[in-house]
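Student: Residue numbers (my numbering): 391 to 836.
We treat Cβ as the ideally placed atom computed from N, Cα and C, and that holds for glycine.
Please read through the structure below; I'll follow up with questions.
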């Protein structure tokens, strides 16, 4: 599936940040209700401090994650991210009140936000154009693997340790976080970062030669990087907010916006509660959450397999149609009092549609459409849009569940997905099989 094994191994090590991202994002779903009962918090307090604090950390990490990426390099940033995840897991497990728990969840959120900036751009910058989509999509594959393992972990730890089972749920993340930190110590710097930000042509060539056995191929990639840099030689300030970048800025904003108003984070965060409202008992709802994670992983693999063949745009078409059908039928099921099995089937279809479409495409697409000089800043813009929306939705999630019937909520998400279909048809360019430097010209020139 991957021709260059060296690049694949390097990309896989970095993509494990996605595993921590997914695990950290979803592990809270199992601890949600036990923590609220333990500290007897209101819905608003619980939503803001317990459920959303990690997301606010993610927003901060995403907004400012581009700064260390440019200043210290992608690799050092990734090492720092591993340390943040480790501290967060240990601290959350030993938290003594809702405020200390929220603080350590915020630390983990910083890691999630920064990883969604650093990991995709690093993988994008070491990859060849023919395999870039699949390699960057490894980040998403690991993300949903982390989600699945978090659901399984929550299920296995349910009841272990009595009322303190949630401490095991959140604390176990320290093990993969420590392993990831060790792995990324041994990956090379991004060759594009070395040349663009450090003016280290020799170092960039050495990294390219280490990643590509063909010396001529390594030199050809370096020549493309140099040519792109020459076009921006008069713009060393690397400002993102310029007229020539307005199209990639708009594209990154819209794909991130639609990712969240699909309702994906709402479903993943509140899966047990949503499934209980359809008639499942607590234990059954936690087990059904594992089915959600399994379908997510399976169809993410399908998306990963297709992204460099069918292309980014076609996958988003497919996902949009799947979203609209599944969300509409979930809404119908709740309004008509359909069985919990009926609703679960279409929740699984919704997850599959996300995995093949938005899930597979978003990190790849945002990491491709910005020029080398502003890629980290552009990635931070798109990712922070994604996480601001996620934080808002999660902040009001419990309140929405208490205030509105589920049928209305899912109908609203379906309406937004009709708008995503229009975005895909009228605005989204295809980026498969094109070098980053050529995409720079294509996206800005169109």
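From residue 432 to residue 425, what does the alpha carbon distance come to, in whole angstroms?
Tutor: 11 Å
Student: Between residue 772 and residue 643, which are expected to be in contact by the criterion C-beta below 8 Å, what is the C-beta distance as a whole number of angstroms?
Tutor: Going by Cβ atoms, the distance from residue 772 to residue 643 rounds to 7 Å, so yes, they are a contact pair.
Student: Quick test of your reading: residue 451 and residue 412, contact by CB under 8 Å. State the CB separation rounded to the nearest angstrom.
Tutor: Not really, about 15 Å apart at Cβ, beyond 8 Å.
Student: Of the residues 702, 747, 726, 734, which one's Cα is nearest the Cα of residue 520?
Tutor: 702
Student: Helix, strand or coil: which one does DSSP assign to residue 746?
Tutor: helix
Student: Going by CA-CA distance only, name the one from 581, 751, 635, 653 that's closest to residue 465.
Tutor: 581
Student: May I have the straight-line CA-CA distance separating residue 799 from residue 440, to the nearest angstrom?
Tutor: Rounded to whole angstroms, residue 799 to residue 440 spans 22 Å at the Cα level.
Student: Since I believe residue 404 is in contact with residue 512 (beta carbons under 8 Å), could you give me their beta-carbon distance rounded to a whole number of angstroms?
Tutor: Right, their Cβ atoms sit about 5 Å apart.
Student: Alpha helix (DSSP H) containing residue 515: first to last residue?
Tutor: 488-516
Student: Let me check understanding here. Comparing Cα to Cα, which of 398, 463, 708 lies closest to residue 808?
Tutor: 708
Student: Are there three or more Cβ pairs, one per stretch, closer than 8 Å when the stretch 589-609 is compared with the stretch 733-753?
Tutor: no
Student: Look up residue 416 in the DSSP assignment and say whether it is helix, strand or coil.
Tutor: Three-state result, residue 416: helix.
Student: Which runs of the alpha helix (DSSP H), 4 residues or longer, sit entirely within the stretch 555-606?
Tutor: 555-561, 564-574, 581-588, 591-601
Student: Is the separation between the beta-carbon of residue 844 and that of residue 657 shorter than 8 Å?
Tutor: One cannot answer for residue 844 here, as it falls past the ends of the chain, which runs 391 to 836.
Student: So residue 526 is in the alpha helix (DSSP H); what residue range does that whole segment cover?
Tutor: 522-547
Student: How is residue 720 classed by DSSP in three states: helix, strand or coil?
Tutor: Looking at residue 720 - three-state DSSP - the assignment turns out to be helix.
Student: Exposed or buried, which one is residue 830 when buried takes at least 16 other CB atoms within 10 Å?
Tutor: buried
Student: Out of curiosity, what's the CA-to-CA distance linking residue 534 and residue 505?
Tutor: 15 Å
Student: Quick one: Cα of residue 726 to Cα of residue 803, how far?
Tutor: 18 Å
Student: Closest by CA to residue 428, which one among 606, 536, 491, 541?
Tutor: 491
Student: Please state the DSSP three-state secondary structure of residue 608.
Tutor: The three-state reading of DSSP puts residue 608 in helix, counting H, G and I together.
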